[in-house]
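Using our numbering, you'd call the opening residue of the sequence shown number 1 and step up by one each time.
Don't be surprised by glycine CBs; every beta carbon is placed ideally from N, CA and C.
Following: one structure in structure tokens, then a few remarks.
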Amino acid sequence: MKKIIIASALKPFIEKERSILQRADFRIFTATSGEEAFKVHRAEKADIIIADLDMPGISGDKLCSVIRGDKALKKVSIIIVCTNSQADIERCSNSGANSYITKPIAPAQLIETVSRLLNIPERKSYRVLIKVEVKGKFMNVPFFCSSGDLSASGMLVETDKPLAKGDTVSCSFFLPNSERVVADGEIVRVVRKALRTFQYGVRFVALLPEYRAAIETFINNWTRNA
């Protein structure tokens with residue numbers, strides 16, 4: 001059974017949606033503050049921590065920083081919930097979290113994010129939160145999107161382009177302070193966030209060795225500095 005820690009103001013929402021999480025075979029721990037979430041994680045070694053960005057005591061981004069700095073506790077997936085403001089999103093992006101969800105929380109998005117993170121192999125496909133512009137192409141028609149997270153096996157992108165599970169797309173993007181990466185991928189997950197806004201899980205199907213090496217180097221450097 002997977003262990004999930006829910007911190008602070010998210011507790012009422014999680015209790016309301018508890019049946020969804022129970023069906024997914026999760027064991028839920030709740031915490032009233034960032035400090036308590038840290039103590040629970042130290043005792044239980046959770047698989048995922050879901051924290052509010054601005055919660056009592058240690059904030060969500062500070063909690064993430066403290067956990068990433070502890071060798072015994074750092075290998076945990078962290079989701080931070082924040083408002084849909086640029087300032088909050090930037091705090092999440094710089095925190096070392098694996099992903100973020102904006103309020104109001106959509107149950108389908110929460111479950112999709114939790115399930116996706118739990119299915120990540122420990123190191124080979126370590127996934128990091130990264131915001132970069134991505135140039136996409138579907139049936140030779142270009143479109144633009146932004147990334148949500150990245151691993152050597154795929155990425156999460158957000159766009160207003162309607163796509164379907166199983167579609168093949170071409171992605172081109174620049175890693176921060178690094179080189180351009182080009183990869184073909186298959187749409188394996190579709191989440192409708194809002195009117196004309198979609199999130200797609202893309203699994204790379206054709207990634208040259210040099211591009212894979214560039215992604216893995218970026219992720220390794222990111223995790224060391226997180």
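Within the DSSP bridge table, the entry for A206 names D184 as partners. A straight line joining the alpha-carbon of M1 with that of R116 spans about 16 Å. Boundaries of the alpha helix (DSSP H) harbouring R68: G60 to R68, taken from the DSSP string. CA-CA distance, A183 to Y200, rounds to 15 Å. For F173, DSSP records a beta bridge to V134 and V181. One alpha carbon belongs to S170, the other to N98, and they sit about 24 Å apart.
Secondary structure within the region 74-107: the alpha helix (DSSP H) runs of 4 or more consecutive residues, fully enclosed, are 86-93 (chain order).
The DSSP-derived three-state label of G34 is helix. Here A164 carries a coil assignment [DSSP, helix/strand/coil].
Exposed is the label assigned to V205, since fewer than 16 other Cβ atoms lie within 10 Å of its Cβ. For the options Y211, D167 and I4, the alpha carbon positioned closest to that of N140 is the one of D167. By the Cβ neighbour-count rule, S178 is exposed, with fewer than 16 other Cβ atoms within 10 Å of its own. Scanning C82, I219, R189 and I105 for the CA closest to the CA of L156 turns up R189. The three-state reading of DSSP puts A213 in helix, counting H, G and I together. Annotation for R192: F198 place their beta carbon closer than 7 Å to its own, counting only its chain and skipping 5 residues before and after.
In the DSSP annotation of this structure, P56 is not part of any beta strand (DSSP E), being labelled neither H nor E.
Rounded to whole angstroms, the Cβ separation of G148 and P142 is 20 Å, and the two are not in contact under 8 Å.
A residue is called buried when at least 16 other Cβ atoms come within 10 angstroms of its Cβ; L163 meets this threshold and is buried. Per the C-alpha coordinates, the member of H41, R180 and G60 positioned closest to E133 is R180. The continuous beta strand (DSSP E) containing A7 extends over residues K2 to A7. Taking each of G60, E216 and I49 in turn and checking the Cα distance to S95, the smallest one comes out for G60. DSSP, read as helix, strand or coil, puts R27 in strand. Residues of the same chain with their beta carbon placed closer than 6 Å to that of F144 are lacking, with the five preceding and five following residues left out of the count.
With a cutoff of 9 Å on beta-carbon distance, E36 and A72 are scored as not near each other.
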